[in-house]
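*Asks:*
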Amino acid sequence: MGSRGPLPRSITTSMPVVSAPPPPPRWLPDGPASVWQEIAPALHSAGRLWVGNHELFANYAQTAFELRRLAGEIDGAPLTDRSGHGPVVSGTVAAALKLRGVLAVLATKLGLDHRGAMDAPPAVDQPLSAFQQWQQRYPPRQG
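Residue numbers for the sequence shown follow the numbering used here, beginning at 13 and rising by one.
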């Protein structure tokens, strides 16, 4: 039987605290770098951005940029194409769905998903884009 008393404290490794969020990597193109600069301050202040996950966050920024670009292409365009077998999801929408899945995985790894503390309620005063409306009509399948 063990001795009584307080439980031993867990051993934690401390990361060096940096006051400002890191700049985007030099190899990151301008568009994804702007996504980095947009999201990095909140991610850094929440303690979710450090030297060990810069590559992961750079991939997140790249994917988020590409998804935003595709959302602009989808906005106002048909969501389906015709094929020999009937209507099919357009190539742009199919690519956006794949990127959305990749972004969800990266967000989970960064702690940005529903389990993370980075969620914020959507702004009420901003109208939804056509792509956001489409996302609400057709949520991703679970399982």
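Even glycine gets a Cβ: it sits at the ideal position worked out from N, Cα and C.
Within its chain, find whatever has a CB closer than 6 Å to the CB of L55; leave out the 5 residues flanking it on each side and keep chain order.
*Replies:* So the list reads L61, once near-sequence residues are dropped.
*Asks:* For the segment 29 to 40 against the segment 96 to 116, do three or more pairs of beta-carbon atoms, one drawn from each stretch, fall closer than 8 Å, so that the two count as touching?
*Replies:* Cβ pair count under 8 Å is below three, so no.
*Asks:* Between the C-alpha atoms of Q148 and A142, what's the straight-line distance to the nearest angstrom?
*Replies:* Rounded to whole angstroms, Q148 to A142 spans 10 Å at the Cα level.
*Asks:* Between the beta-carbon of L115 and the beta-carbon of Y72, is there less than 9 Å?
*Replies:* Yes, they are a contact pair.
*Asks:* Going straight from the alpha carbon of A45 to that of P36, what length do you get?
*Replies:* Cα to Cα, A45 sits roughly 6 Å from P36.
*Asks:* Kindly indicate which three-state DSSP category R94 falls into: helix, strand or coil?
*Replies:* In the structure shown, R94 sits in a strand (DSSP, three-state: E or B).
*Asks:* If you check the beta carbons only, do N65 and L122 fall under 9 Å apart?
*Replies:* Yes, Cβ-Cβ distance for N65 and L122 is below 9 Å.
*Asks:* Below 9 Å between beta carbons: does that hold for L40 and A76?
*Replies:* Their beta carbons are not under 9 Å apart, which means L40 does not touch A76 by this criterion.
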